[in-house]
Amino acid sequence: MERRNFIKSCSILCASTLGVSTLLQSCKSTFYIPNSFDANRIVIKKADFLENKFVLVKNEKLQAPIYLTKHSDTDFSAVLMLCTHKGCELSTAGNYLVCPCHGSEFSNVGKVLNPPAEKDLEKFAITTDASFIYIQL
Ligand code: FES
């Protein structure tokens, strides 16, 4: 193989490997956390959060998942993954959210980053104790 072709092949291999690696990384970071429902709140074990910076909470009481972010051991935020523009379910993009319908973007605390959405996401009050996180519905 000529040197030029060898370098070209390696570049393509490296680029595709990086792409797969990035994709796997983003897949790995999306995690649906087990939860239960009690007294109008969703209950999550802190131990189930593992090393994740954020998790998704799916529950039959919700019309879309909740994006739950861990800012510290005692500081969490929870936003409904429902676009405030026309109501499409949002997708995760690392530590922010993207609307697949018209491209609005939201921060991990629900602030609009890019239009056409103009209104921030619905937020939920959260309390914690030593073992659990409680999302008030
Ligand atoms: S529904 Fe989300 S940007 Fe339009």
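First residue of the sequence shown: 8, per this note's numbering; consecutive thereafter. Note that CB positions come from ideal geometry on N, CA and C, so glycine has one too.
Check                                                                                            : Outcome
Beta-carbon spacing of K68, L144 below 8 angstroms                                               : yes
Segments assigned alpha helix (DSSP H), at least 4 residues, entirely inside the segment 75-112  : none
Endpoints, beta strand (DSSP E) assigned at L63                                                  : 61-64
Cβ-Cβ distance between I142 and I40 below 8 angstroms                                            : no
Residue closest to I140, alpha-carbon to alpha-carbon, out of S84, K52, S111, N115               : K52
Residues with C-beta closer than 7 angstroms to any heavy atom of the ligand FES, in chain order : C90, H92, K93, G94, C95, C106, C108, H109, G110, S111, P123, A124
Rounded straight-line distance, which links the Cα of L89 to that of A124                        : 11 angstroms
Under 8 angstroms between C-beta atoms of I73 and A85                                            : yes
Identity of the residue in C108, T99, H109, T134 nearest G117 by Cα                              : T99
Heavy atom of the ligand GTP within 7 angstroms of S114 beta-carbon                              : You won't find the ligand GTP in this model; what it holds is the ligand FES.
Integer-rounded CB distance, given that F44 should sit under 8 angstroms from N66                : 6 angstroms
Same chain only: Cβ atoms within 8 angstroms of C108, ignoring 5 sequence neighbours per side    : C90, H92, K93, C95
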